[in-house]
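Participant:
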Amino acid sequence: MLSELKALFPSGVYCGETFRITKADASDWWKKTFPGRQIAPWRDFQTSITEVHKISTQMESMALKTTIDLTCNDYISCFEFDVFTRLFQPWCNLLVNWSALSVAHPGYAAFLTYDEVKAKLTQYIDIPGSYVFRLSCTKLGQWAIGYVTHDKQILQTIPQNKSLAQALLDGQREGFYLFPNGGGENPDLTLLLGETSEGLIQVTEEQYELYCEMNTTFELCKICAANNKDIRLEPCGHLLCSPCLNSWSEVDGGSCPFCRTEIKGTEVVKIYPFDPAADPKPLEEAKRHIGSISAASGITVADADGIGVYNLEASSSEHSSSESIPGGGNHHNFPKESPRIPRSAPPIPPRSPICSPKLPRHSLSAAGSPALLNSDHHSSHSNNHNGHNHLMSVRQHGGPHLLTPGCDQSDDIPPPLPTSRHKSSDSKASTLDRNHGFSAHAGHSSRQNAGDSHFSHEMEVLVKEGHSYESVTKALAIVDNDIDKARQILQQFSLR
Numbered sequence: 001m002l003s004e005l006k007a008l009f010p011s012g013v014y015c016g017e018t019f020r021i022t023k024a025d026a027s028d029w030w031k032k033t034f035p036g037r038q039i040a041p042w043r044d045f046q047t048s049i050t051e052v053h054k055i056s057t058q059m060e061s062m063a064l065k066t067t068i069d070l071t072c073n074d075y076i077s078c079f080e081f082d083v084f085t086r087l088f089q090p091w092c093n094l095l096v097n098w099s100a101l102s103v104a105h106p107g108y109a110a111f112l113t114y115d116e117v118k119a120k121l122t123q124y125i126d127i128p129g130s131y132v133f134r135l136s137c138t139k140l141g142q143w144a145i146g147y148v149t150h151d152k153q154i155l156q157t158i159p160q161n162k163s164l165a166q167a168l169l170d171g172q173r174e175g176f177y178l179f180p181n182g183g184g185e186n187p188d189l190t191l192l193l194g195e196t197s198e199g200l201i202q203v204t205e206e207q208y209e210l211y212c213e214m215n216t217t218f219e220l221c222k223i224c225a226a227n228n229k230d231i232r233l234e235p236c237g238h239l240l241c242s243p244c245l246n247s248w249s250e251v252d253g254g255s256c257p258f259c260r261t262e263i264k265g266t267e268v269v270k271i272y273p274f275d276p277a278a279d280p281k282p283l284e285e286a287k288r289h290i291g292s293i294s295a296a297s298g299i300t301v302a303d304a305d306g307i308g309v310y311n312l313e314a315s316s317s318e319h320s321s322s323e324s325i326p327g328g329g330n331h332h333n334f335p336k337e338s339p340r341i342p343r344s345a346p347p348i349p350p351r352s353p354i355c356s357p358k359l360p361r362h363s364l365s366a367a368g369s370p371a372l373l374n375s376d377h378h379s380s381h382s383n384n385h386n387g388h389n390h391l392m393s394v395r396q397h398g399g400p401h402l403l404t405p406g407c408d409q410s411d412d413i414p415p416p417l418p419t420s421r422h423k424s425s426d427s428k429a430s431t432l433d434r435n436h437g438f439s440a441h442a443g444h445s446s447r448q449n450a451g452d453s454h455f456s457h458e459m460e461v462l463v464k465e466g467h468s469y470e471s472v473t474k475a476l477a478i479v480d481n482d483i484d485k486a487r488q489i490l491q492q493f494s495l496r
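The numbers in the sequence shown follow the UniProt record's numbering, run straight up by one, and end at 496.
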């Protein structure tokens, strides 16, 4: 009763609403069954518990009440329920474990104290391997096992990081727990283990991508960075490896090393890593496609914190004649692709960019792409801008599109959008020729006629969504003018 009052009234102030039931499944059941309540009459509790766990007889029901009603007041509090579910975990086999370990097991000593267990085992001092187990009085929700050693000593231990059934089976195999209550044979507890004794955690794609950004993995212990996580602390749920938990227990085993929440229990877990190669996602395929053509399209690769990230927004100073034409003598070695995704999209820029001093314009060829410069333009542009970065904007001037660095000083309004028109059967004829470095091909009248309206409808839609002309054009070129895939790529890389 004192322990219950300390748990619900820490520092003398009632905090029942914030009391946390350790086991997640048990906590969910209590909140759903008794919402907003921290105590329930035994009759209501019995009716509700039998809906999820079978109670066969009235005698079994009375035995359950004796075990769970620690204060013997015909009420079950959330504190008592928490202690019971920690002792006989997991939730799915709660009453099965309770029946096997308390009702049917001859070694169960109920509410004996430390001294009472020692006195009880004294009569079996000549039978090494004799043992009993009880509820710990100092650490409610945990078990204490008392046993007689081969040199006739009586020791008591509290199992750590394993269930009582697993601890009894391990002790039996090692010759410590052989005779429950000084005689008889050990009951078979192997059926209480199974798959439910080990928590299974599957790393999600989002977790995989997040930890890749930090140049680590989800399953790696963040304390030692050497072992994989295999222990989950309860109720906070933080994960770490067994060696780190053992070392921490010697220093301050009562609280979580991450959040300092009281450790009420532990659970052995097994983590299954995420395999990005098992089922590649459409965006992952798009990333690989971007990487394969980045040298030809002016896409650059930035490396942030050791992680390769594809950047579709390349400034004009990064373009040169050798970069825009494959085989120009300047090759890039791209680092391994990282599944990095932006956490939030940047703000949409204004439609009218800040103007810079007027610079000479460079016309593309008749069938030139509005997104990329040919080699002649690269040469003249490199000689004129003297290493300074200028904002690239797509303009429509007298029919053919012109790509001009910056804005004219006389321009006070943003350039007009390309004329919207519906897709035609020859829309794909205007797609950039990737095999020739996206350079213009003169002499093809069909491409020349389609050049004025290249991606016009799709470009207008995506630009109105806040994406830049250059980024929209590149994205549309990558996905063969598919507006949905282009939008997906633009959102993936925050190209606004």
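C-beta atoms are modelled at their ideal positions from N, C-alpha and C, and glycine is treated no differently.
Where Leu178 and Ile125 are concerned, what is the direct C-alpha to C-alpha distance, given to the nearest angstrom?
Facilitator: 13 Å
Participant: Return the chain-ordered list of same chain residues with a C-beta closer than 6 Å to the C-beta of Phe258, the five sequence neighbours on each side being excluded.
Facilitator: In chain order, His238 place their CB closer than 6 Å to the CB of Phe258, counting only its own chain and leaving out the 5 sequence neighbours on each side.
Participant: What residue range is occupied by the uninterrupted beta strand (DSSP E) comprising Gln202?
Facilitator: Annotation for Gln202: the continuous beta strand (DSSP E) segment containing it runs 199-202.
Participant: So what's Ala40 in DSSP terms, helix, strand or just coil?
Facilitator: It is a strand residue.
Participant: How about the region 57-77 and the region 37-44: do they share at least three Cβ pairs that are nearer than 8 Å?
Facilitator: yes
Participant: For His150, count the other beta carbons within 10 Å of its own beta carbon; 16 or more makes it buried, fewer makes it exposed. Which is it?
Facilitator: exposed
Participant: I'd like the list of long-range same chain contacts for Ile127, defined as Cβ closer than 8 Å, with 5 residues on each side in sequence excluded.
Facilitator: Val148, Phe179, Gly182, Gly183
Participant: When you compare each of Phe84, Phe34, Leu95 to Lys54 by their alpha carbons, which one comes out closest?
Facilitator: Residue Leu95 is the option with its Cα nearest to Lys54.
Participant: Asn186: which of Arg487, Val268, Phe133, Asn215 sits nearest, CA to CA?
Facilitator: Checking every option, the nearest Cα to that of Asn186 belongs to Phe133.
Participant: Quick one: what's got a C-beta closer than 6 Å to Tyr211's C-beta in the same chain, skipping five residues either side?
Facilitator: Thr217, Phe218
Participant: Where does the unbroken beta strand (DSSP E) through Thr33 begin, and where does it stop?
Facilitator: Per DSSP, Thr33 lies in no beta strand (DSSP E); the unbroken alpha helix (DSSP H) holding it starts and ends at 24-33.
Participant: Only counting runs of 4 or more residues, tell me where the alpha helix (DSSP H) segments fall wholly within the region 210-280, in order along the chain.
Facilitator: 242-252
Participant: If you draw a straight line from the alpha carbon of Lys222 to that of Asn73, how long is it in whole angstroms?
Facilitator: 45 Å
Participant: Below 8 Å on the Cβ atoms is my contact criterion, and I expect Ala486 with Glu458 to pass it. Report the Cβ-Cβ distance as a whole number of Å.
Facilitator: 7 Å
Participant: What residue range does the alpha helix (DSSP H) around Thr66 cover?
Facilitator: Under the DSSP assignment, Thr66 falls in the alpha helix (DSSP H) whose first and last residues are 58-68.
Participant: Rounding to the nearest angstrom, what Cα-Cα distance links Gly265 and Thr85 in this structure?
Facilitator: So the alpha carbons of these two residues sit roughly 11 Å apart.
Participant: Sort out for me which residues DSSP pairs Gly146 with in a bridge.
Facilitator: Val132, Gln156
Participant: With a threshold of 8 Å, are at least 3 pairs of Cβ atoms found where one atom belongs to the region 166-176 and the other to the region 244-252?
Facilitator: no
Participant: Rounded to whole angstroms, how far is the Cβ of residue 546 from the Cβ of Leu200, which I believe are closer than 8 Å?
Facilitator: A question about residue 546 goes unanswered here, because the residues of the chain that appear run from 1 up to 496.
Participant: Suppose you measure from the CA of Gln153 to the CA of Asp275; what does that come to, to the nearest Å?
Facilitator: Roughly 52 Å separates the two Cα atoms.
Participant: Say whether the region 95-112 touches the region 133-142, bearing in mind that this needs 3 or more beta-carbon pairs closer than 8 Å, one atom from each stretch.
Facilitator: yes
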